[in-house]
Amino acid sequence: MRLDLNTHMLEQLNLHFISAASGRLLGGLLVTLELSAIVMVVSTFAGFAVAILVMSPFRLLRLPVRAYIEVFRCTPALVQIVWFFYCVPVLFNVFWEPFTMAVMALSLNLTAYNAEAYRAAIQSIPKLHSDASVALGLNRWHFNRYVVFPQALRLALPVLVTNTIGMIQQSALVALVAVEDLMYVTKSIASSTYRPVEIYTVAALIYFAIAFTLSRVVALIERRNRQLMERA
Amino acid sequence: MTSEFVSIHGLHKSYGDKVQVLSGIDRAFSRTDRIVVIGPSGGGKSTLLRCVMGLEQIDAGQICLEGEAYVRVANRRTVIDRAVQRRIGMVFQHYTLFPHLTVRKNLVLAPVKAHGFAPSKANSDAERLLARFGLTDKLDVYPAQLSGGQKQRVAIARALMLEPKLMLFDEVTSALDPELVSEVESMIAELADGGMPMMIVTHDMTFARNIATQVLFCAGGVIAEAGSPEQIFSDPQQPRTRDFLRKMRSDEGFRT
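As structure tokens, then:
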């Protein structure tokens, strides 16, 4: 079987309409960026807090948090998003804007993954740091804030970035619950202009650009950190 | 009768039911004392020091500083008086400095964030301390760029920032290359000359003999023998002490 490129269609690739639709695309992109940025920032800090909680010696604290992590890591993001949108308003008698609900659902998801990354990082911090902190009169809060968190963040950074990139990709799923992000706008343009090839390709490239830029920026930060903190 | 500065009463500690780490320690020291604890691995000497710092749960007994009982047992739980604990500083064998902070930030972190020092006072204290010990050019450097000996000296300076009444040194030179040991021991000796009361756990018998006012030989969770350095090193009474010292001497002879 030979692979026949649809050369007829390729000749008719019309990129003009993409620039015409660029306004809408930009709008969708901004929504995606805003959504991703908020979720990323929230989950970077919340992930650490959850990791501390799940390592608590108190069962009453540890077990519910453990359950939360397992639920959000063992169910598909799409199911979480859809469940959030359709079930939470009904079950808890609340109504928030779609964008807000998207932020909440994605944050709960990313925080759960980040918590596991932080947990591994925290456990690799030498116990003597805890003893030294006691000897210096630092209480538990100071110890976590000034000694554990900065180190855990640096140690967990590669995994946190991977998780965040995953979240950016999964954010496209919110298009299915009518949040007007990049994916939603792309779908809408594709169906109204009957030109899926160009528009979906552009969307894919945009998602790639976002995630790739993020991973390069973090790689630079990591390299600078290594130079400072490793044996000269 | 010497006035009691630090006193330990009936200290017992075990891990679970089986392992007795400290079986009844009773000891008192004066303000002018420098206590060196020596002994075999697992004999309880580091645990003893850690108990004095208030880092360990104990089963029975109490520890007092300047007459105040700051480590004691109540309702089967160890109670530590943090206010008294703050008067004690401790330096450990490794992983001493926080690697993500410069030397300066390592030194000022606790004073500024936890003890309410003004940043300007903390910074000038840090500069003064490092200048005193010849480490001024290391102020804005990260720990990774320091040698082992420099790290330990900075760690001692960090503990001194809080103006402790008592300093504890837990085998601070044991993990160092031999040529770096003396710079750290000199710094401790200088502190001693300045009148700082201290408790030291060390494997360096020469250093122990030179700096101690009292030597405790700790083995099997008890203080098997105690006395002045002359007594312990020249004329040990107990067979266990003799065996230990003989072994240490042959090791040191081999190394030099």
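Chains as they are written, first to last, in the numbering used here: chain A, -15 to 216; chain B, 31 to 286. Where is the CB? At the ideal position from N, CA and C, for every residue including glycine.
Against Q135 (chain A), what residues of chain B qualify as contacts under a CB-to-CB distance less than 9 Å, listed in chain order?
Under a criterion of Cβ atoms nearer than 9 Å, the residues of chain B adjacent to Q135 (chain A) are, in order, F128, P129, H130.
Fully enclosed by the stretch 55 to 119 of chain A, which alpha helix (DSSP H) runs are 4 residues long or longer?
61 to 76, 82 to 107, 111 to 119
If I measure Cβ to Cβ from I205 (chain A) and keep anything under 8 Å in the same chain, skipping five residues before and after, which residues do I get?
Around I205 (chain A): L141.
What is the DSSP secondary structure of R106 (chain B), reduced to helix, strand or coil?
coil
Are there 16 or more other CB atoms within 10 angstroms of the CB of K181 (chain B), so buried, or fewer, so exposed?
In this structure K181 (chain B) is buried. Its beta-carbon is surrounded by 16 or more other beta-carbon atoms within 10 angstroms.
Please check if any C-beta of chain B sits within less than 8 Å of the C-beta of E214 (chain A).
yes
Same chain, Cβ closer than 7 Å to V87 (chain A), five either side skipped, listed in chain order:
L19, I22, V23
If we count the other Cβ atoms within 10 Å of its Cβ and call it buried at 16 or more, is C71 (chain A) buried or exposed?
exposed
Strictly under 8 Å for the Cβ-Cβ distance: is L120 (chain A) near chain B by that measure?
Taking Cβ atoms only, chain B reaches closer than 8 Å to L120 (chain A), which makes this a yes.
Three-way DSSP call (helix, strand, coil) for Q123 (chain B) in this model:
coil
Which residue wins for smallest C-alpha separation from N105 (chain B), given the options B:C94, B:A90, B:I68?
B:A90
Would you kindly work out how many angstroms separate the C-alpha atoms of G121 (chain A) and P48 (chain A), rounded to a whole number?
Whole-angstrom Cα-Cα distance: 31 Å.
Using a cut-off of 7 Å between C-beta atoms, extract the partners of R158 (chain B) located in chain C.
Chain labels in this structure do not include chain C; the protein chains are A and B.
Can you find the residues in the same chain that come closer than 6 Å, C-beta to C-beta, to M278 (chain B), ignoring five residues on each side of it along the sequence?
M235
Could you pull the DSSP bridge partners for R57 (chain B) from this structure?
B:I38
Any Cβ of chain A within less than 8 Å of the Cβ of R116 (chain B)?
yes
Let me see if you follow: with CB-CB separation under 8 Å, is P110 (chain A) close to chain B or not?
yes
Whose CA, out of B:S60, B:T62, B:L78, B:G69, lies closest to the CA of S44 (chain B)?
B:L78
Output needed for I36 (chain A): all residues of its chain with C-beta closer than 7 Å, excluding positions within five of it in sequence on either side, in chain order.
N128
What residues match up with L198 (chain B) in a beta bridge as DSSP calls it?
B:M120, B:M229
Apart from the five residues on each side of it in sequence, which residues of its chain come closer than 6 Å, Cβ to Cβ, to V109 (chain B)?
R102
Would you mind reading off the limits of the alpha helix (DSSP H) that contains Q153 (chain A)?
133 to 154
Inter-residue spacing [alpha-carbon to alpha-carbon] between F79 (chain A) and A61 (chain A)
When rounded, the distance between both Cα atoms is 21 Å.
Find the residues of chain A that neighbour K143 (chain B), judging by a C-beta separation of less than 9 Å, and give them in chain order.
L122, H126, R129, Y130
Hey, E157 (chain B) and L139 (chain B): beta-carbon distance below 8 Å or not?
no
Look at M230 (chain A) and L90 (chain A) and say whether their C-beta atoms are less than 8 Å apart.
The displayed coordinates of chain A run from -15 to 216. Any statement about residue 230 (chain A) would go beyond what the structure contains.
Looking at the C-beta of R207 (chain A), does it have a partner C-beta in chain B at a distance below 8 Å?
no
Own chain partners of P70 (chain B) with C-beta closer than 8 Å, once the 5 adjacent residues on each side are dropped
Same-chain partners within the cutoff: A249, F274.
Integer Cβ distance of F35 (chain B) from P227 (chain B), believed to fall under 8 Å
6 Å
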